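Have a look at the structure below, then the notes.
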Amino acid sequence: MSDKLIIFDTTLRDGEQSPGASMNKDEKIRIAKALEKMRVDVIEAGFAIASNGDFEAVKAVANAVKDSTVCSLARAIDKDIDRAGEALKGAVSPRIHTFIATSDIHMKMKLNMRPEQVVEQAVRSVKRARNWTDNVEFSPEDAGRSDEDFLCRIIEKAIDAGATTINIP
96 MSDKLIIFDT
106 TLRDGEQSPG
116 ASMNKDEKIR
126 IAKALEKMRV
136 DVIEAGFAIA
146 SNGDFEAVKA
156 VANAVKDSTV
166 CSLARAIDKD
176 IDRAGEALKG
186 AVSPRIHTFI
196 ATSDIHMKMK
206 LNMRPEQVVE
216 QAVRSVKRAR
226 NWTDNVEFSP
236 EDAGRSDEDF
246 LCRIIEKAID
256 AGATTINIP
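In case it helps, the numbering used here puts the sequence shown at residues 96 to 264.
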């Protein structure tokens with residue numbers, strides 16, 4: 096394990112969730128270039144499946160940034176992962192960040208899945224993302240309310256499947 100601190104910036108994706116905040120493609124490129132100039136290690140450019148505009152913005156950032164890793168968020172769903180992979184094709188250093196809910200309440204009410212199904216879906220999503228890039232991040236959504244043993248198991252399985260970064264939100 097490296098002792099290097101990795102700066103992971105989500106301004107281009109998470110920043111748009113603030114009320115009244117939205118950025119067009121050119122603004123996202125300008126911000127991404129500023130982040131790159133500040134030597135931010137990883138820039139999460141957006142959620143490529145969210146809209147055609149978001150896809151185009153992720154693609155444009157991926158093509159513009161050369162010195163930072165460019166990342167797209169993707170649910171643990173094939174179409175999300177493939178859309179992220181397509182958007183990141185031009186990146187020098189692409190990363191797909193895939194996630195799935197892991198708390199009991201989310202697995203039951205949001206996903207309508209049993210824990211073993213969630214583990215299988217997480218593993219499939221990481222493996223699919225690895226078809227696009229060697230740099231795959233996995234996040235167990237709602238980790239703070241997740242059963243600790245289950246959380247450890249799904250993280251271990253994601254790493255075994257090829258996840259190179261684990262993000263515990």
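Positions of the beta carbon are idealized from the N, C-alpha and C atoms, including for glycine. As the structure is a computational prediction, the values presented were derived from the model and not from experiment.
query: With respect to the alpha helix (DSSP H) encompassing P189, which residues constitute its N-terminal and C-terminal limits?; result: No alpha helix (DSSP H) holds P189; the beta strand (DSSP E) holding it covers P189 to A196.
query: Please name the residue, chosen from D109, K123, T197 and R170, that lies closest to E232 on a Cα-to-Cα basis.; result: R170
query: Mind listing, in chain order, the continuous alpha helix (DSSP H) runs of no fewer than 4 residues lying wholly within the stretch 105-152?; result: 106-109 and 120-132
query: Starting from the Cα of A258, find the closest Cα among S146, A224 and G180 and give me that residue.; result: A224
query: With respect to the alpha helix (DSSP H) encompassing R240, which residues constitute its N-terminal and C-terminal limits?; result: Neither: R240 is in no alpha helix (DSSP H) and is coded neither H nor E.
query: Helix, strand or coil for S220 per DSSP?; result: helix
query: Considering only C-alpha positions, which residue in the set G180, I102, A127 and S163 is nearest to F150?; result: G180
query: Determine the direct distance from the alpha carbon of S188 to that of K161, and round the result to whole angstroms.; result: 8 Å
query: Pick helix, strand or coil for R178, following the three-state DSSP scheme.; result: helix
query: What's the C-alpha gap between V213 and F142?; result: 21 Å
query: From the DSSP secondary-structure annotation, give me the bridge partner or partners of V231.; result: I191
query: DSSP on A171, reduced to helix/strand/coil?; result: coil
query: When the Cα of A152 is compared with those of K132, A182, D177 and I176, which residue comes out closest?; result: A182
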